[in-house]
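Single-structure report; data block below.
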Amino acid sequence: MSKVAGRDPEGVDARTNGAAVDEESTEEMGPYTFEDLSVVMGTYNEEAAVAKVITDIQDVTDGKAEVVCVDGSSDRTPEIAREHGARVIEQEPQGYGVAVSAAISAPDRPVVVTTDCDDTYPMEQLPEFLEEINNGADVVSGDRLYHGAEAMPGFNRFGNQAFAAIASVLMGTRVHDTTTGMRAYRREVVESIEWTENTGLSAELLIRPLMRGYEIREEPIAYGERAGETKLDPIQGGAAIAKSIVKVCLEERFR
Ligand SMILES: Nc1nc2c(ncn2[C@@H]2O[C@H](COP(=O)(O)OP(=O)(O)O)[C@@H](O)[C@H]2O)c(=O)[nH]1
Ligand SMILES: [Mg+2]
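See the structure below:
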C-alpha cells in the first residue's frame, strides 16, 4: 500500500497526498469497474429526491452499480426506490449512523460509496471516486468546502469548517471536510473497523481509517441545493458531531 496520510502525522495534507502509488498492490486489487461498485444510503422520507438520485447513479454507471437504500420512511420512498431498481432494507428510523452503518455493511461488492438521498452530491463524479480507488486510495472523501459549498446554509458551512479544523489538530493531518456524506471505501476498510457513532458516523468514517494508516484522499466535489427537508437539526446534530470527533480521535490516539 502506498504512503498514507494517516501514517505521517507531520502535517500531511489529504488533499494533495495522492502522488505515490504502489503499482504492485494496485495490480492485485483492481482495476475495479462499476460492476464492483455499490452505492449505499440511508433514506428517510426522501420522496422528493429518491428517483433522481437513483436515476443519476444508473445513468453514470450504465446501470452497473448496485444501489442499496436502508429505509425508515413513512412515505413512498421505499416503493420508488424499488421501482428504480434499488435494493431496499427496511429499518425503524433511528438516526443517520444507524442507517448508514447498516448500509455500508450490506454489499458484497469490493467498493462501497456512500451518499445522501437528497440530490446534494454529484453522482456524475462517481467515475473519479472509482479512479482514485484504482489509483491506490483506500478511502476517497468528497470535499464540499473546496469549491465553497454555496448551497450549504452558512451556519452549517461554518460548523463543517470548524469540525475539519478540530479533527485536523487532533489527528495531526489536515483534512478539509469531515462530515461529507459522499465517500468511496474499499470494502476491507468498512469491514475491519467497528463503527460506534450515530449522527457523528460520517466523521468517524474518515477519522478511524485515517488514524489507522489507511490512505485517504480528499476529492473536491460540487454540492447542490437539497431536495426535500433536512433530517438533521443543526444545533443538536452539530453538538453530537463535535462530541464524536473528540471521542473518536482520542480513542484512536490511545488505541
Ligand atoms: N433510514 C434512515 N435514514 C436517515 C435517518 N436520518 C437521516 N437519514 C438519511 O441520511 C441522509 C442524510 O441526512 P440529511 O437530512 O441529508 O442530513 P444533512 O445532509 O446533514 O442535511 C439522508 O439521505 C436521510 O434521508 C434515519 O433515521 N433513518
Ligand atoms: Mg444531506
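Mapping of the sequence shown onto this note's numbering: residues 40 to 294, in sequence order.
Glycine included, C-beta positions come from ideal geometry on N, C-alpha and C.
All of these numbers come straight from a predicted model, not from anything done at the bench.
Looking at ligand 2, does it come within less than 8 angstroms of residue i, judged from the CB to the closest heavy atom?
i, result
"Gly220", "yes"
"Asp155", "yes"
"Thr159", "yes"
"Arg265", "yes"
"Thr116", "no"
"Thr238", "no"
"Thr217", "no"
In terms of alpha-carbon separation, which member of the options lies closest to residue i?
i, options, result
"Ala142", "Cys288, Gly263, Leu244", "Leu244"
"Ala88", "Ala281, Thr219, Asp114", "Asp114"
"Val137", "Trp234, Thr269, Gly220", "Trp234"
"Glu268", "Pro192, Pro248, Gly187, Ile255", "Pro192"
"Ala278", "Pro248, Asn195, Tyr262, Val229", "Asn195"
"Ala176", "Tyr253, Gly276, Ser283, Arg265", "Tyr253"
"Met221", "Gly187, Arg294, Asp158", "Asp158"
Whose C-beta lies closer than 8 angstroms to the C-beta of residue i among residues of the same chain, with five residues either side of it excluded?
i, result
"Lys103", "Thr72, Phe73, Glu74, Leu76"
"Gly134", "Asn237, Thr238"
"Ile232", "Arg247, Pro248, Arg251"
What did DSSP end up calling residue i once you bin it into helix, strand or coil?
i, result
"Asp61", "Because Asp61 carries a pLDDT of 49, less than 50, the predicted location of this residue cannot be relied on, and the following value inherits that uncertainty. It is coil, neither helix nor strand."
"Asp98", "helix"
"Thr153", "strand"
"Ser180", "strand"
"Met40", "Interpretation of Met40 is limited by its pLDDT of 36, a score under 50 that renders its predicted location unreliable; the figure taken from the coordinates is listed afterwards. In this structure, Met40 counts as coil in the three-state DSSP scheme."
"Glu167", "helix"
"Ile255", "strand"
Which residue marks the beginning of the alpha helix (DSSP H) containing residue i, and which one marks its end?
i, result
"Ser207", "193-210"
"Arg292", "273-292"
"Arg247", "240-250"
"Pro117", "116-122"
"Val139", "135-144"
Between which residues of its own chain and residue i is the CB-CB distance below 7 angstroms, once the five residues before and five after are set aside?
i, result
"Asn84", "Ser112, Ser113, Asp114, Thr116"
Please report the residue range of the beta strand (DSSP E) in which residue i lies.
i, result
"Met80", "76-82"
"Arg225", "222-225"
"Ile129", "The sequence shown places Glu at residue 129, rather than the Ile named in the question. 126-129 is the extent of the beta strand (DSSP E) around Glu129."
Apart from the five residues just before and just after residue i, which ones in its own chain have a Cβ nearer than 6 angstroms to its Cβ?
i, result
"Cys156", "Met80, Thr82, Glu85, Ala88, Val89, Val92"
"Asp182", "His215, Asp216, Glu257, Pro259"
"Met162", "Asp95, Ile96, Val99"
"Gly69", "Asn173"
Does the beta-carbon of residue i, which I'm using as the reference point, lie nearer than 8 angstroms to any heavy atom of ligand 1?
i, result
"Val150", "no"
"Ala145", "no"
"Gln133", "yes"
"Leu245", "no"
"Gly81", "yes"
9 angstroms is my cut-off, CB to CB: does residue i come that close to chain C?
i, result
"Gly69", "Structure shown: chain C not included; a single protein chain is present."
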